[in-house]
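Notes to accompany the following structure.
Number of protein chains: 2
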Amino acid sequence: MPNRAVVPITVEGLKTACSQCNLQELCLPYGMSEGDINQLDALVGARRKVKRHQHLYRAGDTFESIYAVRTGSFKTDVLLEDGREQVTGFQMSGEIIGLDGISTDAHSCNAVALEDSEVCVIPFANLEEISREIGSLQHQFHKVMSREIVRDHGVMMLLGSMRAEERLAAFLINMSQRFTARGFSAAEFHLRMTREEIGSYLGLKLETVSRAFSRFQENELITVQQKHIRIRDIDGLKALLSHLPNV
Amino acid sequence: MPNRAVVPITVEGLKTACSQCNLQELCLPYGMSEGDINQLDALVGARRKVKRHQHLYRAGDTFESIYAVRTGSFKTDVLLEDGREQVTGFQMSGEIIGLDGISTDAHSCNAVALEDSEVCVIPFANLEEISREIGSLQHQFHKVMSREIVRDHGVMMLLGSMRAEERLAAFLINMSQRFTARGFSAAEFHLRMTREEIGSYLGLKLETVSRAFSRFQENELITVQQKHIRIRDIDGLKALLSHLPNV
DNA sequence: CAAGCGGGTTGACGTGGATCAAACGCCCCA
DNA sequence: TGGGGCGTTTGATCCACGTCAACCCGCTTG
Chain W
194 MPNRAVVPIT VEGLKTACSQ CNLQELCLPY GMSEGDINQL DALVGARRKV KRHQHLYRAG
254 DTFESIYAVR TGSFKTDVLL EDGREQVTGF QMSGEIIGLD GISTDAHSCN AVALEDSEVC
314 VIPFANLEEI SREIGSLQHQ FHKVMSREIV RDHGVMMLLG SMRAEERLAA FLINMSQRFT
374 ARGFSAAEFH LRMTREEIGS YLGLKLETVS RAFSRFQENE LITVQQKHIR IRDIDGLKAL
434 LSHLPNV
Chain A
194 MPNRAVVPIT VEGLKTACSQ CNLQELCLPY GMSEGDINQL DALVGARRKV KRHQHLYRAG
254 DTFESIYAVR TGSFKTDVLL EDGREQVTGF QMSGEIIGLD GISTDAHSCN AVALEDSEVC
314 VIPFANLEEI SREIGSLQHQ FHKVMSREIV RDHGVMMLLG SMRAEERLAA FLINMSQRFT
374 ARGFSAAEFH LRMTREEIGS YLGLKLETVS RAFSRFQENE LITVQQKHIR IRDIDGLKAL
434 LSHLPNV
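Which chain is which? The protein sequence lines are W and A, in order. The first sequence lines up with residues 194 to 440 when you count with the numbering used here. The second sequence lines up with residues 194 to 440 when you count with the numbering used here.
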């Protein structure tokens with residue numbers, strides 16, 4: 194019987210410690226007291242490395258843990274029977290993946306590494322138990338879930354009501370903000386995903402994404418060289434979102 | 194100073210009891226033991242009636258409670274500065290509204306009654322406190338949040354990757370299932386929302402929704418009379434979703 | 001170093017759904 | 001009971017984005 198464990202995903206027995214982690218401010222411990230954070234060190238079971246293009250989990254896998262991205266980045270997607278893919282999100286360091294699995298004890302989407310990455314494995318039963326003791330952890334976890342819901346509503350707005358260039362502008366602004374929150378440049382960054390993945394996320398074809406990038410470059414809003422993006426006029430991008438189409 | 198309390202939203206001091214409620218199986222108490230459910234009777238503060246077209250809450254309102262729909266139904270939506278609306282969901286009896294507010298302590302969307310309705314008000318601090326004591330409640334609440342995330346992913350799939358008739362078919366199938374779960378007919382029901390609201394939810398214009406309804410009727414999949422829908426061929430509708438466009 | 005290939009760009013053309021417009025029917029209210 | 005208005009249907013036309021196709025670029029691999 195073919196064994197999925199053959200693929201080189203390594204589960205490292207490393208003891209991990211939220212209290213030592215520089216991603217505290219972005220992750221589950223956010224807003225907790227120093228004392229409470231120390232109690233979290235029992236929470237994270239292990240780290241796990243996931244190589245580029247490998248699955249962290251697949252739709253249908255039984256759900257046991259959620260994951261905090263330590264390094265690298267991921268996409269999550271859902272597939273239709275006929276092969277159509279919808280990318281539901283891109284996740285960067287400090288962000289939580291796997292919340293989709295709680296509802297049915299099985300994951301409902303796929304999580305794939307966009308680059309060589311590492312996650313903290315958080316056994317969910319463990320999290321529920323500890324959060325029954327630490328109210329601030331409980332509350333922060335609820336905020337993380339709620340934030341995911343609000344984010345999804347934003348994507349629904351984007352997919353349901355915006356035109357192509359508005360969608361791409363919203364995407365770039367969002368990426369810029371998230372890089373900023375991680376101490377990287379707000380104006381210059383490297384996209385880890387392909388045009389096709391961006392397109393899937395934004396409900397567009399890759400050609401449309403490419404054309405919109407080119408248009409933005411013509412209008413001196415950004416500079417594009419393959420996956421490298423430099424934002425030259427963030428206000429110009431924001432203006433694409435906030436005013437009436439023909440004003 | 195104009196006072197919003199003037200509008201006839203009534204907060205009734207009625208003592209409510211999850212243990213007596215016939216929506217248990219759809220709502221937060223789902224899966225809990227009888228003993229645990231009795232403990233919930235302290236959870237729900239009061240009921241609140243909301244008349245058709247009135248807001249249960251608005252984007253920006255401070256968050257204090259989530260709500261369980263007792264009777265009637267709601268829509269939630271987000272608005273763009275220029276007035277564009279995206280309906281993010283329709284909620285029926287037993288379903289929970291307001292989870293968007295947890296993340297920032299303020300609501301990020303609007304909740305509007307589609308008909309005269311009534312909700313159970315669940316003070317959120319209260320819920321967190323009790324769920325620290327009752328593990329099964331904690332877990333069920335997490336499932337409710339996760340289910341919302343999974344549902345949102347489904348809508349993203351729909352908005353990002355499906356064509357108009359597929360979207361409407363998915364919508365009708367979903368409505369049918371939810372009516373069934375509530376003991377109503379799977380084949381015949383009354384839509385409480387307008388074509389425009391359906392369109393906003395599905396990322397389509399109302400004319401497109403109307404035309405798709407007419408097409409379904411021509412093809413003998415359904416019968417439409419205004420808001421009254423009768424499903425004549427559920428498998429035909431499902432087939433619209435699951436096969437390749439040109440097979 | 002050449003060949004192959006995945007990813008990206010660009011152009012020409014087609015089309016699904018948007019837009020604009022008219023008319024209808026149900027329902028509420030005077 | 002009759003008028004008005006909102007919601008809906010339907011038709012004609014338009015256009016943003018999809019589709020198809022060619023080509024380019026940078027990397028990998030033999």
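Note that the Cβ used here is the ideal one computed from N, Cα and C, for glycine as well. In this text the structure is predicted, and so the values were computed from the model without any measurement.
My output table needs one value for residue i: the three-state DSSP class, helix, strand or coil.
{"i": "K431 (chain A)", "result": "helix"}
{"i": "I422 (chain A)", "result": "strand"}
{"i": "I289 (chain A)", "result": "strand"}
{"i": "D298 (chain W)", "result": "coil"}
{"i": "R388 (chain W)", "result": "helix"}
{"i": "E311 (chain A)", "result": "strand"}
{"i": "I327 (chain A)", "result": "coil"}
{"i": "F409 (chain A)", "result": "helix"}
{"i": "G347 (chain A)", "result": "helix"}
{"i": "T401 (chain A)", "result": "helix"}
{"i": "R360 (chain W)", "result": "helix"}
{"i": "N231 (chain W)", "result": "helix"}
Quick check: what's the CA-CA separation for residue i versus residue j?
{"i": "F382 (chain A)", "j": "N367 (chain A)", "result": "12 angstroms"}
{"i": "S301 (chain A)", "j": "G253 (chain A)", "result": "6 angstroms"}
{"i": "G191 (chain W)", "j": "F283 (chain A)", "result": "Here chain W has residues from 194 to 440 only, and residue 191 (chain W) is not among them."}
{"i": "L437 (chain A)", "j": "R356 (chain A)", "result": "In this prediction, L437 (chain A) scores a pLDDT of 49, lower than 50, which makes its location untrustworthy; the coordinate-derived value is nonetheless stated afterwards. Spanning the two alpha carbons is a distance of roughly 12 angstroms."}
{"i": "V199 (chain A)", "j": "R371 (chain W)", "result": "Reliability fails at V199 (chain A), whose pLDDT of 42 lies under 50, so the model's placement of it is uncertain and the value that follows must be treated cautiously. Between V199 (chain A) and R371 (chain W), the C-alpha separation is close to 42 angstroms."}
{"i": "H335 (chain W)", "j": "T416 (chain A)", "result": "43 angstroms"}
{"i": "S354 (chain W)", "j": "Q279 (chain A)", "result": "7 angstroms"}
{"i": "G429 (chain A)", "j": "L414 (chain A)", "result": "6 angstroms"}
{"i": "M194 (chain W)", "j": "Q247 (chain W)", "result": "Low local confidence applies: a pLDDT of 43 at M194 (chain W) is under 50, so the model's placement there is unreliable, with the coordinate-based value given in what follows. Each residue's Cα considered, the two are about 20 angstroms apart."}
{"i": "N231 (chain W)", "j": "A210 (chain W)", "result": "8 angstroms"}
{"i": "D229 (chain W)", "j": "A235 (chain W)", "result": "11 angstroms"}
{"i": "V271 (chain A)", "j": "R251 (chain A)", "result": "9 angstroms"}
{"i": "L273 (chain A)", "j": "V348 (chain W)", "result": "13 angstroms"}
{"i": "R263 (chain W)", "j": "G291 (chain A)", "result": "31 angstroms"}
{"i": "A363 (chain A)", "j": "M350 (chain A)", "result": "11 angstroms"}
{"i": "G224 (chain W)", "j": "S324 (chain W)", "result": "14 angstroms"}
{"i": "L365 (chain W)", "j": "R344 (chain W)", "result": "15 angstroms"}
{"i": "A441 (chain A)", "j": "G392 (chain A)", "result": "Absent from the structure is residue 441 (chain A), since the part of chain A shown begins at 194 and ends at 440."}
{"i": "E326 (chain W)", "j": "E227 (chain W)", "result": "15 angstroms"}
{"i": "E390 (chain W)", "j": "S339 (chain W)", "result": "25 angstroms"}
{"i": "G396 (chain A)", "j": "F406 (chain A)", "result": "15 angstroms"}
{"i": "L352 (chain W)", "j": "S258 (chain W)", "result": "30 angstroms"}
{"i": "S310 (chain A)", "j": "A374 (chain A)", "result": "19 angstroms"}
{"i": "F267 (chain W)", "j": "L249 (chain W)", "result": "9 angstroms"}
So who's on the other strand from residue i, going by DSSP bridges?
{"i": "P316 (chain A)", "result": "A:S258"}
{"i": "M279 (chain A)", "result": "In the sequence under discussion, the amino acid at residue 279 (chain A) is Gln, which differs from the Met named in the question. The partner list for Q279 (chain A) (beta bridge, DSSP) reads A:V271."}
{"i": "I342 (chain A)", "result": "DSSP lists no partner for I342 (chain A)."}
{"i": "A306 (chain W)", "result": "W:F267"}
{"i": "I415 (chain W)", "result": "W:I424"}
{"i": "A239 (chain W)", "result": "W:V314"}
{"i": "F442 (chain A)", "result": "A question about residue 442 (chain A) goes unanswered here, because the residues of chain A that appear run from 194 up to 440."}
{"i": "Q284 (chain A)", "result": "A:F267"}
{"i": "E250 (chain W)", "result": "Checking the sequence, you will find Tyr at residue 250 (chain W) rather than Glu. Partner(s): W:A304."}
Under the rule that 16 or more other beta-carbon atoms within 10 Å means buried, what is residue i, buried or exposed?
{"i": "E288 (chain W)", "result": "buried"}
{"i": "N215 (chain A)", "result": "exposed"}
{"i": "Q331 (chain W)", "result": "buried"}
{"i": "K420 (chain A)", "result": "exposed"}
{"i": "T281 (chain W)", "result": "buried"}
{"i": "R388 (chain A)", "result": "buried"}
{"i": "T255 (chain W)", "result": "exposed"}
{"i": "T269 (chain W)", "result": "buried"}
{"i": "D293 (chain W)", "result": "buried"}
{"i": "R245 (chain W)", "result": "exposed"}
Kindly examine the ligand ZN and report whether one of its heavy atoms sits closer than 7 angstroms to the Cβ of residue i.
{"i": "A299 (chain W)", "result": "This structure lacks the ligand ZN; in fact it carries no ligand of any kind."}
Taking Cβ-Cβ distances shorter than 7 angstroms, what residues in chain W pair up with residue i?
{"i": "C302 (chain A)", "result": "H346"}
{"i": "L352 (chain A)", "result": "M349, L352, G353, G396"}
{"i": "V271 (chain A)", "result": "H346, M350"}
Mind listing the chain W neighbours of residue i? Cutoff is C-beta to C-beta under 9 angstroms, in chain order.
{"i": "E358 (chain A)", "result": "Those within 9 angstroms of E358 (chain A) in chain W number zero; the least Cβ separation is about 15 angstroms."}
{"i": "G287 (chain A)", "result": "Result: empty, since nearest Cβ-Cβ is about 15 angstroms, beyond 9 angstroms."}
Along chain A, in chain order, which residues have C-beta atoms closer than 9 angstroms to that of residue i?
{"i": "M338 (chain W)", "result": "L292, I295, S296, H335, M338, S339, E341, I342"}
{"i": "G328 (chain W)", "result": "E321, E322, R325"}
Going along chain A, which residues have a C-beta under 7 angstroms from residue i?
{"i": "S435 (chain W)", "result": "E274"}
{"i": "R277 (chain W)", "result": "S354"}
{"i": "T281 (chain W)", "result": "H346, M349"}
In chain W, which residues lie with their C-beta within 8 angstroms of the C-beta of residue i?
{"i": "H444 (chain A)", "result": "Nothing about residue 444 (chain A) can be read from this structure; chain A reaches only from 194 to 440."}
List the residues of chain A that residue i touches, going by C-beta distances under 8 angstroms, in chain order.
{"i": "S393 (chain W)", "result": "G353, S354"}
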